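For the record, the sequence lines run as chains A and B. In terms of the working numbering, the first sequence is numbered consecutively and its last residue is 159. In terms of the working numbering, the second sequence is numbered consecutively and its last residue is 630. Down below is the structure, laid out as structure tokens.
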Amino acid sequence: MASTSNSTSSKIITLRSSDGEVFEVEESVALESNLIRRMMEDDCANNIIPLPNVTAPIFYLVIEHCKKHAEMKDNKEKKKELRSQGEELLKSDPHTYSNLMEAVNYLDIKSLMDLTAQWLADFLKGKSPRLIRELLKIKNDFTPEEEAEILERNRWAFD
Amino acid sequence: MEKRMRTHDDDNTIKQPEIATQKKPMTEEKKQKIPDHQKEDRISNMPDAILHHIISLVPFTCAVRTSILSKRWEGLWESTSAYTTTLDFGREFATSVSLPLHLLTCAINRILQKHRGKTIETFRLYFCPQNMFLPHIQRWILFAKKKTVRELDLDFTPFQTTCQDLGLRLYELPPCLFSCHSLTILKLSDCKFNLPSPFRGFSSLKTLHLIRVEITPYALDSMLLKCPMLEDLSLMVCYCSKQPFELSATNLKIKSFALTGYNSLGNVGSFLSKLAPHLQILTICHVKIQDFNVQGHENAPGNSPIAFPNLIELHLGVCNGSSLAAVYAFFKNWNFPCLEKLMLEWIPDNLRESNKMVQQASFVFHHLKTIKINRFFGTEKQMQMVKFLLEKAVALETMVLVIPTEDIKVSPRNDYISQAKSKVARLRLLHEQLLLLSKESTNARFVLKNHTEDDDSVLATHYRYQRSLLS
């Protein structure tokens, strides 16, 4: 849990997001992050661990997904469900997606890195470039000539 | 893998702060103009390493298409594919573009030409082996060999529309494939497996899956002799015109074995008994059950059964035509003390088996927790089989029965369910019948499902290959 002590045995780690919010996280959850693991190994984690690249709302999301991921071990249904959630998030809020992705990358959480990367990969599959641009708000900065040239170069992939 | 290491080591220490400072003024600036900051494109601003990772997860066709999104994306797929360790030109790739073969060849050649990585993990190919493309296919295999490929997956199943009528000859694997010493996984479909001489073997090969491959028992024997690490062997609808042959390989360490309908194996029973010590997962379908009972084997009936001390999962194909006596004899002659999962595939095939009576043996399954029976119609024979299993499985927890959805008319007569009208009524009727049976394990429960509702929660390890056969 992101809030105060709910565990009996495991140690609690205190983390501070870039916008100053303080989180108390079970050690087992915190150690999913290789960044935090390294910081603790280097012993610079006696007090509050600062996370200058992660805001509080995003950190909530990270922890939530860490837990979901731990739950889904060996559960194919849950796995499918979690994998399919990306489509919705990317359609409704690509901004939060990229914040989450970058936070996961920064915190170096392998399991979530695989999941969130897979979300965008699944999202890209089977959609036309035009639709992808529209949904992800990507601005087409090619001139028509440049675009035609790219199409020509890899004709086989664009049908 | 290599790529990810780069992601974390370089980007966190060097690139990341740089990007953060670059982005901040931009977001602040935009926040004032557009309060809804979701209108801007942040995905494209993610670091290269992240985008590379994402692009590496999509098929090549889709990766190439990202190049037209914007200037930011233009070169990303090329730099991704230049160092990718998975070159996947498998079914997903082939079906994502509907290209004539010569253009498909050009596309593959282009991607391979630009590959800069020294090694690759996986090379997957699904291609139609028309004569004029054979030199290309050979070059691709050589390419994979030079990059010390570890997993090679070559599928030459004729494309449905283009190649079926061309009278194609079976693709004969080139000799260079047999000197890919880096291989740990080799999967082949629809080709001819001729070993060159001399053949030195694959010293690291762990997995060998052959689907509809023409392979002589001699070649198979050589493979078994010269691949000392082999632990996962799968022979699906393989065939050979040569006479059956008793394999000489001994000291096999195979843990997982799947066999469907290969008649050239000589005495299947004798081969299985060689695998018995190490085997953990076993699938046998489309083989007459009486064939691997110990008839003609040195262990004559009456001797103690052959034990599979480590076998956990057994997936057995039972034909409509096979006699229950043969099935009982199977469980009498082979002993699975640790079996946890038993799956029965009811195959609509009328193989004739002898109806010789076999005395029921006095064994029990001590550890068997899960039984799944596919294509369960509730025929008398199937009900007898269920009864038999319920008596033997003393620790049973769940028995899953999957009811086929096809027209009831095609199902065997005299079954309980053909009279019931709705699907729900069918299930209820069957369930009532089942509850009348006595069971050794009082806690065992039945799960009845229509085929369409089967969520695969109990799935045979070899099911994937099984499915590819049915399609």
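Beta carbons are placed, not taken as given, at the ideal position from N, Cα and C, and that holds for glycine. No experiment lies behind these values; they were computed from the predicted model shown.
In the structure shown, residue 50 of chain A adopts extended strand secondary structure according to DSSP, grouped into three states.
Taking the C-beta atoms as reference points, residue 140 of chain A is found nearer than 7 Å to residue 229 of chain B. Among the residues facing chain B, residue 36 of chain A is not included, as its CB has no counterpart in that chain under 7 Å away.
A Cβ-Cβ separation of about 5 Å places residue 390 of chain B in contact with residue 365 of chain B under the 8 Å criterion. Setting aside the 5 residues that flank it on each side, residue 596 of chain B is surrounded in the same chain by 545, 546, 549, each with a C-beta closer than 7 Å to its C-beta; the list follows chain order.
Residues of the stretch 216-234 of chain B that bring their beta carbon within less than 9 Å of a beta carbon in chain A comprise 216, 217, 218, 219, 220, 221, 222, 223, 224, 225, 226, 227, 228, 229, 230, 231, 232, 233, in sequence order. Interface annotation, residue 137 of chain A: in contact with chain B, CB-CB separation under 7 Å. In the DSSP assignment, residue 209 of chain B falls within the alpha helix (DSSP H) that extends over 207-214. The alpha-carbon separation between residue 423 of chain B and residue 258 of chain B amounts to approximately 39 Å. Between residue 603 of chain B and residue 558 of chain B the beta-carbon gap is near 6 Å, inside 8 Å, which marks them as a contact. Within 10 angstroms of the beta-carbon of residue 541 of chain B lie 16 or more other beta-carbons, which makes it buried. Cβ-Cβ separation between residue 502 of chain B and residue 531 of chain B: approximately 5 Å, consistent with a contact (criterion under 8 Å).
Residue burial is scored here from C-beta neighbours: residue 48 of chain A has fewer than 16 other C-beta atoms within 10 angstroms and is therefore classed as exposed. Cβ contact annotation for residue 359 of chain B (same chain, cutoff 6 Å, sequence separation greater than five): none. Non-local beta-carbon contacts of residue 33 of chain A in its own chain, meaning distances under 7 Å to residues more than five positions away in sequence, involve 107, 108, 109 in chain order.
When secondary structure is reduced to three states using DSSP, residue 367 of chain B falls in the strand class. Residues of the same chain with a CB within less than 8 Å of the CB of residue 554 of chain B, apart from the 5 flanking positions on each side, are 524, 525, 526, 527, 528, 600 in chain order. The C-beta distance from residue 265 of chain B to residue 304 of chain B rounds to 22 Å, too long to meet the 8 Å contact threshold. Here the C-alpha atom of residue 374 of chain B lies approximately 6 Å from the C-alpha atom of residue 351 of chain B.
For the 7 Å CB-CB criterion, residue 23 of chain A and residue 15 of chain A form a contact.
At a Cβ-Cβ threshold of 7 Å, residue 227 of chain B and residue 50 of chain A do not count as neighbours. For residue 159 of chain A, there is no enclosing alpha helix (DSSP H), since its DSSP letter is neither H nor E. Residues of chain A with a Cβ closer than 8 Å to the Cβ of residue 212 of chain B are, in chain order, 113, 117. Counted as a single uninterrupted DSSP element, the alpha helix (DSSP H) harbouring residue 106 of chain A occupies residues 94-107. Using beta-carbon distances, residue 202 of chain B counts as an interface residue toward chain A, with a partner under 7 Å. Apart from the 5 residues on each side of it in sequence, residue 590 of chain B sits with its Cβ closer than 8 Å to the Cβ of 605, 607 in its chain, given in chain order. Within chain A, not a single residue places a beta-carbon under 7 Å from that of residue 291 of chain B; the smallest gap is close to 18 Å. In terms of Cα proximity to residue 380 of chain B, the closest of B:363, B:370, B:273, B:354 is B:354. Closest option to residue 288 of chain B, judged by alpha-carbon separation, among B:298, B:262, B:316: B:316. Assignment of residue 61 of chain A by DSSP, reduced to helix, strand and coil, places it in the helix class. In terms of Cβ geometry, residue 386 of chain B and residue 416 of chain B do not form a close pair [threshold 7 Å]. An exposed status is given to residue 126 of chain A, since fewer than 16 other beta-carbon atoms sit within 10 Å of its beta-carbon.
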